[in-house]
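Notes follow once the structure below has been shown.
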Amino acid sequence: MKIPFDPKSHPSWNSALLRACRRESTSFTPVWLLRQAGRYMREYREMREKVSLLELCRTPDLVAQVTTHAAERLGVDAAILFSDLLLVAEPLGFQLEFTPGEGPALSPTLDTAADVDRVRTVEPGALSYVFDGARATRERLPDHLPLIGFAGAPFTLASYLIEGGPTRSFEKTKRFLYADGGAWRALMAKLVPALIDLLNGQIRHGCSVVQIFDSWVGCLSPHDYRRYVKPYTAAVIAGLVPYVPVIHFGTGTSALLHDMREAGGDVIGLDWRVDLDEAWGRIGYDRPVMGNLDPVVLFASEDILREQTRRILQRAAGRPGHIFNLGHGILPDTPVDSVSRLVQLVHEMSRRP
Ligand code: CP3
C-alpha cells in the first residue's frame, strides 16, 4: 500500500458507508456497530488470554487480525480500527493501565494549572504503532470495506486525564473547568494538535472515515458545552484532511445536537434516548446521522429485535444519510448471534430497488 494512503482513489470510497456519509443514495442502509470487536466475541476473548489489551493495541498484525475478523464475522459495512481512546495519554505524559473489572487507570491525574504545564507534546513517532496497525489492517481488509479511524474528542479525553478513570458525576472535571478557565484553555491547546495528528495519521495510513468520540459530553449543560467544548472539538475537525468524512459521536446529547452540528462533523451520532426522526429534524436532514438502537435490545427476543430495528429504519424513512448503529457500545455479555442477526435484519429490511 502506498503511503500516504489516498482514500479517494481506494475502492471503499464508493462503499455504502462512504456514500451515506456524503448523503448519496445507497441500495441498503449501511450498518456497523460500536465496539464490534470486543469481549462478547469468543475469538477476541481467546486473543486476550494470550495478550493484554495494551499489547494487542501495540501489535499491528494482531490489530489487523482482530479488526478484520470482527467485521467479517458480523457482515458489517465497515471495520473500526482496533485501538483505544486512551493510548494518546501515554505520550502526553501519563501512565496508563487497564485493570480487569475496573477499567482504565491514568496517573498522575491533572489537578492544577501547574499539572497542565507538565503535559508533554506528543513526539512524532510516539503513536506510530497505531498508524502501522491502520496500514496492516487496510492491507488485510477486503477492498470494499472502509476502515474507520478514531480518537477521543478533547473533552472526553480531558475527563479521563482529570478523573484518572471512570466516573459517574464528572465532579473533578467540572470543578477543574469552573476553577480555572485558563488552565482548561491551556490543556485544550495541548490536546487539540495531538488529536489532529492522531486522526490525520490514521487517514494517511489507510482510514477513509474517522470518528470523534465525545462519549461523556452529555454530562454538561448546553451553556458549558458551548463555552468549554465546542470551540475545541471544532478546532480538531477543522484540522483534519478536508474531504474525509468525520462522524461526531456522543451520548446523552439530546440538548446538544444543534451545537454539535455547528462544531462540525459530516455525520452526527445519536444514542437511543432520542427518537431518530425527531433528533434528525432538529439537526437538519441535510446532515447525515448514525444510530440509534439501545445495545440492551441485543439481549431481547428475535421479535423485539426485529420490531425495534424496523422502528428505527421507519423513522429514518429511507432518507439518504442514515448509518445504522447502536446508540453506544456492544456490552460484554451480548450473544454474538444476536449481533450478526441484527446486521442481517438491517440489510434485509432496508433493501431498496
Ligand atoms: O470494535 C471496537 O470498537 C474496538 C475498538 C475500541 C476500543 N476502545 C477497544 C477496547 C474503541 C473504539 C474504543 C474507544 C474507547 N475507549 C472509548 C470511547 C468509546 C465509548 O465507549 O464511548 C472509551 C471511553 C475508551 C476507554 C476505555 N477502554 C474504557 C472505559 C475501557 C474499559 C471498559 C471495559 O469494558 O472494561 C476500555 C477497554 C477497552 N478498549 C475494551 C475494548 C474492546 C474492553 C475489552 C478488553 O479489556 O479487552
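Just add 65 to wherever you are in the sequence shown, counting from 1, and you've got our numbering.
The beta carbon of each residue, even a glycine, is placed where N, CA and C say it ideally should be.
None of these values were measured; they are calculated from a predicted model.
Start and end residues, beta strand (DSSP E) containing residue i
i: ALA216; result: 212-217
i: HIS387; result: 387-391
i: ASN357; result: 354-358
i: ILE419; result: As shown, the chain starts at 66 and ends at 418. That puts residue 419 outside it, with no answer to give.
Residues bridged to residue i (per DSSP)
i: VAL274; result: ILE213
i: ALA170; result: GLU162
i: GLY349; result: Per DSSP, none; premise fails for GLY349.
i: HIS412; result: Partner(s): none; HIS412 has no beta bridge.
i: ASP279; result: GLY315
Terminal residues of the alpha helix (DSSP H) in which residue i lies
i: PHE147; result: No alpha helix (DSSP H) holds PHE147; DSSP gives it neither H nor E.
i: TRP296; result: According to the sequence as given, residue 296 is Pro; it is not Trp. Its alpha helix (DSSP H) spans residues 295-303.
i: ILE68; result: Taken as a continuous stretch (DSSP letters only), ILE68 belongs to no alpha helix (DSSP H), as it is neither H nor E.
i: GLY394; result: Premise fails: GLY394 is in no alpha helix (DSSP H) and is neither H nor E.
i: GLU427; result: Only positions 66 to 418 of the chain appear in this structure, which leaves residue 427 out of reach.
i: THR202; result: 193-205
i: GLU327; result: 322-328
i: VAL181; result: 178-182
Residues near residue i in its chain [Cβ-Cβ closer than 7 Å; skip 5 each side]
i: ARG375; result: MET414
i: ALA358; result: Going by the sequence as given, residue 358 is Leu instead of Ala. If we look at LEU358 and ignore the five residues flanking it on each side, its Cβ neighbours are TRP337, GLN373, THR374, ILE377, LEU391 and GLY392.
i: GLY158; result: ARG183, VAL184 and ARG185
Sequence-distant residues of its chain with Cβ nearer than 6 Å to residue i (five each side left out)
i: GLU162; result: ALA170
i: ARG84; result: THR91
i: PRO310; result: CYS86, VAL274 and ASP331
i: ARG123; result: TYR194
i: GLY271; result: PHE70, ALA199, ARG200, ARG203 and LEU212
Cβ-based neighbour list, residue i, same chain, cut-off 8 Å, excluding 5 preceding and 5 following
i: LEU370; result: VAL362, LEU363, SER403, ARG406, LEU407 and LEU410
Q. Curious, which full-length alpha helix (DSSP H) runs of at least 4 residues does the stretch 82-127 contain?
A. Qualifying alpha helix (DSSP H) stretches, in chain order: 107-115 and 118-122.
Q. Would you call the stretch 132-141 and the stretch 196-214 in contact, with 3 or more CB pairs under 8 Å?
A. yes
Q. When the Cβ atoms of the stretch 237-244 are set against those of the stretch 216-229, are three or more pairs found closer than 8 Å?
A. yes
Q. Fully enclosed by the stretch 221-253, which alpha helix (DSSP H) runs are 4 residues long or longer?
A. 236-244
Q) Is there contact here, the stretch 299-307 with the stretch 103-121, by at least three beta-carbon pairs under 8 Å? A) The count of Cβ pairs closer than 8 Å, one atom from the stretch 299-307 and one from the stretch 103-121, stays below three, leaving the stretches out of contact.
Q) Using 8 Å as the Cβ pair cut-off and three pairs as the minimum, do the stretch 310-328 and the stretch 278-293 touch? A) Three or more pairs of CB atoms, one per stretch, sit closer than 8 Å, so the stretch 310-328 contacts the stretch 278-293.
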